[in-house]
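Going by the numbering used here, the sequence shown opens with residue 12, and the numbers climb by one from there.
For every residue, glycine included, the Cβ atom is placed at its ideal position computed from N, Cα and C.
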Amino acid sequence: MTSSSGAVRRIAYLGPDGSFASEAARRASHKPASLQPMPTVVDVVDAVRAGACDWGVVPMENSVEGSVNVTLDELAFGGAGVYIRAEITMPVTMNLLGRDDADLTDIVVVRSHSHALAQSRGWLAANLPQARQEAVTSTAEAARQVGADRTLAAIGTTAAASRFGLSITAADIGDHSDTATRFVVLGDHFAAATGADKTSMVVFFGNDRPGQLVQVLNEFAMRSINLTKIESRPTKKQLGEYCIFIDCVGHICEPRVGEALRSVHRHVAELRVLGSYARSGGHTETTTSSDSAVAYAESDDWYARILQHADDGG
């Protein structure tokens, strides 16, 4: 895609080339784009925030290991001006990559992203019990580091093997089948509504009091808004203080979602909306007639007509 000025869109991603994120970045752009690898998630987010790149692609969640905490923290605690505008879900196949002349008995160290190591824990224990496991910033970075050292191996993609001249020493070593990773595309604006959307947010409660979480959740339940994710993270202020990440079905521009968010905002110390965007592989949410956007619009019109008959106190 191109930016509003007509220039080629600049997309930062967690690199180097050959990572799962690099493939997600290619899928994010339907037209030629300038893909710019970054060494860390923080660098990707900062590039978008500073305007050095138009979009950023970072991992958000894995079906086995759960959320990528550094991404959550950057969105929750980083500066304003960066929003999720799309998500891309990709199947993930883990391969052991090494030099052409290396075999399993040569390997002393296995490097990869922490999630990739965790997803291959069983295979590594059974086949490489002698190898030390070391986490690096991405699967492709692990492949890059193998270089000419036959004692090193990486867990990564076939693309990374090709990119860095490695062989697939063992294929599909993940402990679970049908593993997938959800990547998010970051930008400086929300995406337009599609009718099959979700909204992500983080709630900070401030002063602790009984029933706060229930109060927040009820605002969605009473409007028949489905929640697809609820996850706590430390606020990093003091032990035992948490913020709550919530994903709900629907776009912030939908009346019932907007109404719920306004109500939640009144109950909490801070509500940060992280983005509204199309659900990956999503379908239009079925709602009852009383919960539809049309019903909300009709109710607003009805209320406006009623107010026309109210005494203005003059």
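Here DSSP, grouped into helix, strand and coil, assigns S74 to coil.
Contact annotation: the stretch 206–214 does not touch the stretch 118–129, with fewer than three C-beta pairs closer than 8 Å. A Cβ-Cβ separation of about 5 Å places P27 in contact with A151 under the 8 Å criterion. Within its own chain, the residues whose Cβ lies closer than 7 Å to the Cβ of G198, once the five positions on either side in sequence are excluded, are V59, D65, W66, Y94, R96, listed in chain order. P102 carries a strand assignment under DSSP once its states are collapsed to helix, strand and coil.
One Cα belongs to K240, the other to L86, and the distance between them is close to 16 Å. Spanning the alpha carbons of D112 and V103 requires a straight line of approximately 26 Å.
If you draw a straight line from the Cα of D160 to the Cα of R110, it is about 7 Å long.
Shown here for A308: same chain residues with a beta carbon closer than 8 Å to its own, the five before and five after excluded, namely P266 in chain order. Three or more Cβ pairs closer than 8 Å define a contact, and the stretch 160–179 meets that threshold against the stretch 27–36. The shortest C-alpha to C-alpha distance from M105 to any of G92, A127, F215, V260 is the one to A127. Beta-carbon to beta-carbon, I236 and G261 are separated by about 6 Å, close enough to satisfy the 8 Å threshold. Counting the other CB atoms within 10 Å of its CB gives L238 a total below 16, which places it among the exposed residues. Under the three-state reduction of DSSP output, R132 falls in the helix class. Per the DSSP secondary-structure output, R21 pairs in a beta bridge with S45. Under DSSP, P245 forms a beta bridge with Y253. Bounds of the beta strand (DSSP E) holding A164 are 163–167.
Taken atom to atom, the span from the alpha-carbon of V69 to that of V52 is near 6 Å.
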